[in-house]
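Reading through the structure tokens given below for one structure.
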Amino acid sequence: MPERIANAPQAITQIVARWRCDVLVVFEATGVYDLELREALGQAGIRFARINPARARDFARASGQLAKTDPIDARMLAAFARALKPATEQIANPARNALARLAKRRDQLVLMRAQEKNRRSEADDRAMADRIGRLIEVLDGEIAEIEADISTLIKTEPEISGDAQLIRSLPGVGPVTCMQLIAQMPELGKVGPKQVAALAGLAPFNVDSGA
């Protein structure tokens, strides 16, 4: 029977404790919203597969299921797992999760800074431009602190440090690109070049039918 729980650490920990056996947990990929579940499953040593929501929905349509509710989605994901046996994900290094969070926050702050710089350039009042400038200085400081934390994390984690040294050995790859590749593509070094190209959205796929 379908069961609903809160997407909160305590509720997730409790239900994962009931799954301490040879099971495969399948769920739709929802970015940061499934992070707690991934970490709890990893700590418990339970295999899991994250499914692209569009792929799960296509499977439901192919099965003749057009309605969409949480219980229906749960049953469809279970059927999907039984029929297609999706590949399980590697248990993520907690340091990589921390790096991904830092990288995401840095991206947010860099975007905010760019927006404020645009506003300052458009400001026709000196006092307002100065106010915006003070905020930009705060953002500069926050970005510098996060970049320092990222640098420390990369240097102190042996697995990540090794990946960083290899990636930085490539011509034209700087610290920001290196950090983003490690944070956003943990599959690097674990899958082949074709799979990496597909994950990055750089591999062409034939669509020969129809217009």
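Quick note: the sequence shown uses the UniProt record's numbering, first residue 1, plus one each step.
Glycine included, every Cβ here is placed at the ideal spot set by N, Cα and C.
For residue i versus residue j, is the C-beta spacing smaller than 8 Å?
{"i": "I150", "j": "L99", "result": "yes"}
{"i": "L153", "j": "A74", "result": "no"}
{"i": "P86", "j": "A144", "result": "no"}
{"i": "I167", "j": "L181", "result": "yes"}
{"i": "residue 212", "j": "F59", "result": "Given a span of 1 to 211 for the chain in the structure shown, any question on residue 212 remains unanswerable."}
{"i": "A103", "j": "M179", "result": "yes"}
{"i": "W19", "j": "I46", "result": "yes"}
CA-CA distance, residue i and residue j?
{"i": "P193", "j": "Q10", "result": "39 Å"}
{"i": "Q65", "j": "M76", "result": "9 Å"}
{"i": "A78", "j": "P71", "result": "11 Å"}
{"i": "L84", "j": "R101", "result": "31 Å"}
{"i": "N97", "j": "R119", "result": "33 Å"}
{"i": "E36", "j": "N7", "result": "8 Å"}
With 16 other CB atoms within 10 Å as the buried threshold, where does residue i fall?
{"i": "E3", "result": "exposed"}
{"i": "G31", "result": "exposed"}
{"i": "A40", "result": "buried"}
{"i": "D163", "result": "buried"}
{"i": "C21", "result": "exposed"}
{"i": "V25", "result": "buried"}
{"i": "E157", "result": "buried"}
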